[in-house]
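Presented below is the structure to which this report refers.
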Amino acid sequence: MGQDVERLKQELPLLEYLQQQNWTGQRAGRFEYVGLCPLHQETRPSFYVNTRKDVFYCHGCGQGGDLIRFVQLSRQLSFRQSLDYLDPQAVQAEEPTALLEQTAAFYQQQLDHYPEALSYLHRRGIHEPALIRELRIGYAPGGNLRRYLTRQGYSFAVLRRAGLINAQGTDALYQRIVFPLSQGEHIVNLYGRSIGVAFAHRFLPGSKGGLYAWKKVRHCSAVILVEGLFDYAALRQAGFSNVTCSLGTHLNTDQFRQLCDGPRTLYVAFDDDANQSGQQAAEQLAHRLAVHGISVRRVLLPEGQDPNSFFVQGEDAHRFHSLLEVARP
Ligand SMILES: [Zn+2]
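The opening residue of the sequence shown carries number 55 in the numbering used here; numbering runs sequentially from there.
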């Protein structure tokens with residue numbers, strides 16, 4: 055371990071690490087820099103870095119030490135965790151796709167063991183086991199993923215960079231229904247919908263990929279576009295197979311390009327929001343797509359509803375068909 059520490063510190067001098075973290079110290083001597091302390095609140099600089107000894111000392115809060123010590127203090131990690139966090143070699147060896155694949159499988163297994171997760175799904179009208187399996191819907195209870203993946207041999211640094219755990223070492227997804235997001239054959243991200251009071255939507259850092267399950271519908275002459283995965287699941291369950299989802303009303307470049315890759319009619323079924331944001335987004339999208347020769351119809355849902363709540367409130371496929379028939383350009 056001593057060798058690891060020396061190698062790490064040689065590869066990454068403390069000053070360089072601080073600058074990567076946006077620390078703006080000024081040169082104060084031949085081997086000395088001074089700036090505001092990143093470890094405590096202050097208005098006058100009392101944080102010194104000695105580049106020859108590769109250490110820091112703060113005259114304000116009295117903290118001092120080397121790079122590892124700084125990471126421990128600033129990220130609230132143990133010594134071992136700080137080494138993992140800093141070690142790029144530990145990270146490059148890993149395959150992120152395999153990690154997300156294992157995580158998704160783990161969350162899938164959890165779903166049946168947590169009644170609160172199943173009852174949330176049922177409240178959102180999603181109950182068909184075959185569909186739940188096909189979409190690989192899972193549940194992140196929080197508090198058990200890190201232990202599981204660590205046993206599979208994943209280091210703290212790898213889990214941290216994938217965004218699966220927080221700096222404090224706790225699971226990032228906590229009490230969330232999880233949908234894996236794929237690009238081609240590979241899972242590239244996870245979407246977590248809170249079943250509690252936490253912020254409703256959460257993704258891991260990085261790309262969300264293109265349109266959801268695009269491969270299934272790209273050859274369809276008519277495609278229904280929704281903004282949420284629960285909307286998607288509800289429509290699929292109601293028997294509509296030509297559905298895709300943009301994970302929000304703002305399409306990224308990949309998603310927009312996918313919609314333009316062939317002639318088709320697109321039925322945009324965004325939420326009917328009280329503040330009109332869903333309707334406005336649908337209208338703007340229609341204009342942008344029209345330029346590319348894609349004909350767009352806007353599906354007008356009853357006031358305040360989205361495709362998911364439409365079915366939850368007892369409407370059926372027949373009624374949704376009628377909405378598609380009267381959808382306007
Ligand atoms: Zn300080």
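From the three backbone atoms N, C-alpha and C, an ideal C-beta is built for every residue, glycine too. Keep in mind that this is a model prediction, so the values were computed, not measured.
Taken through DSSP and simplified to helix, strand or coil, Thr307 comes out as helix. Taking the Cα positions, Asp58 is about 19 Å away from Leu127. Arg256 sits in a strand when the DSSP states are folded into three classes. When the Cα atoms are used, Gln156 and Ile241 turn out to be separated by approximately 10 Å. Each residue's CA atom was taken as its position, placing Phe324 and Ser209 some 41 Å apart. Shortest gap from the CB of Leu90 to any heavy atom of ligand 1: 6 Å or more. Proximity annotation: ligand 1 has residues Cys91, Leu93, His94, Glu96, Ser100, Phe101, Cys112, Gly114, Cys115, Gln117 in chain order, each selected because its CB is closer than 7 Å to a heavy atom of the ligand. Take Ala292, set aside five residues on each side of it, and the residues of its chain with a beta-carbon closer than 8 Å to its own are Phe365, Asp370, Ala371, Phe374, in chain order.
For Glu96, the closest C-alpha among the options Glu86, Tyr87, Cys112, Gly83 is that of Cys112. Taking a contact to require three or more Cβ pairs closer than 8 Å, the region 172–181 and the region 214–221 do not qualify as touching.
For Leu90, same chain residues with a beta-carbon under 7 Å away, outside a window of 5 residues either side, are Glu96, Pro99, Phe101 in chain order. Within the region 102–187, the runs of alpha helix (DSSP H) that reach at least 4 residues and sit entirely inside it are, in chain order, 121–129, 133–140, 142–146, 150–165, 169–177. Per DSSP, the unbroken beta strand (DSSP E) holding Gln237 starts and ends at 230–237. For Gly56, the uninterrupted alpha helix (DSSP H) segment begins and ends at 56–65. Rounded to whole angstroms, the gap between the alpha carbons of Pro234 and Gly114 is 47 Å.
By the neighbour-count definition (other C-beta atoms within 10 Å, threshold 16), Ala211 is a buried residue. In this structure Gln229 touches Pro195 by the C-beta definition: roughly 7 Å separates them, less than 8 Å.
For Glu86, no alpha helix (DSSP H) segment is defined; the enclosing uninterrupted segment is the beta strand (DSSP E) at 86–89. 7 Å or more divides the Cβ of Leu69 from the Cβ of Val125. Separation of the CB atoms of Arg318 and Ser275 is rounded to 6 Å, and the pair is thereby assigned contact status at 8 Å.
In the assembly as shown, Ala159 is an exposed residue. Its beta-carbon has fewer than 16 other beta-carbons within 10 Å. Exclusion of the five residues before and after Pro356 leaves Asp326, Phe364 as the residues of its chain whose Cβ lies within less than 8 Å of its Cβ.
Excluding sequence positions up to five before and after Arg190, its CB lies within less than 7 Å of the CB of Ala158, Gln162, Pro234, all in the same chain and listed in chain order. If you ignore the 5 residues before and after Asp166, its C-beta comes within less than 8 Å of the C-beta of Leu172, all in its own chain and listed in chain order.
A straight-line Cα-Cα distance of about 13 Å links Leu289 and Gln367.
Distance check between Gly223 and each of Gln130, Lys107, Asp108 places Gln130 closest, using alpha-carbon atoms only. Beta-bridge partners assigned by DSSP to Ile241: Ser236.
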